[in-house]
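A.B. asks: Numbering (the numbering used here), first residue to last: 9 to 167.
1) Grab me the residues of residue 138's own chain with a C-beta within less than 6 angstroms of its C-beta, minus the 5 sequence neighbours each way, in chain order.
2) Under DSSP, the beta strand (DSSP E) around residue 88 begins and ends at which residues?
3) Residue 114 by DSSP, collapsed to three states: which one?
4) Between residue 110 and residue 142, is the Cβ-Cβ spacing less than 9 angstroms?
5) Between which residues of its own chain and residue 84 is the CB-CB distance below 7 angstroms, once the five residues before and five after are set aside?
6) Measure the alpha-carbon distance for residue 103 versus residue 69 and round it to whole angstroms.
7) Looking at C-alpha atoms only, which residue of 132, 34, 131, 146 is the closest neighbour of residue 101?
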């Protein structure tokens, strides 16, 4: 269930099981975002050596450059998280770009995910995902590193 936030025009989902901490990341349902992104600060609550993290993750995967709505350029890394819960719905493989360049806690569900869903939505009410096409979603992805690999790099880079 994608929860409507009253009087804001925004919809949010909770994303769980990205790590063993039991934390939930609040993800904004954003039809204006091409890709699903999560900022590093939304993913981790501890301080890390960002320069070392960038060096380590660049050894594992290629970066993709993004431009935000405000025109800022940022780099992202494609991650595959297995067996996550998105607002209570199990997703076998969930893909997102990890963004390191921004300080805010940001999580956006983009059209790469949204376009693979069927929805039920009433006026000014929550949005319910009635069908998710996992196979087609996976077919759209390129080489991604696993969330476990990201968690291992984060442990190496913890301050």
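Every residue, glycine too, gets a C-beta built ideally from N, C-alpha and C.
C.D. replies: Put simply:
1) 126, 128
2) 81–94
3) coil
4) no
5) 45, 71, 72, 74, 105, 106, 107
6) 14 angstroms
7) 146
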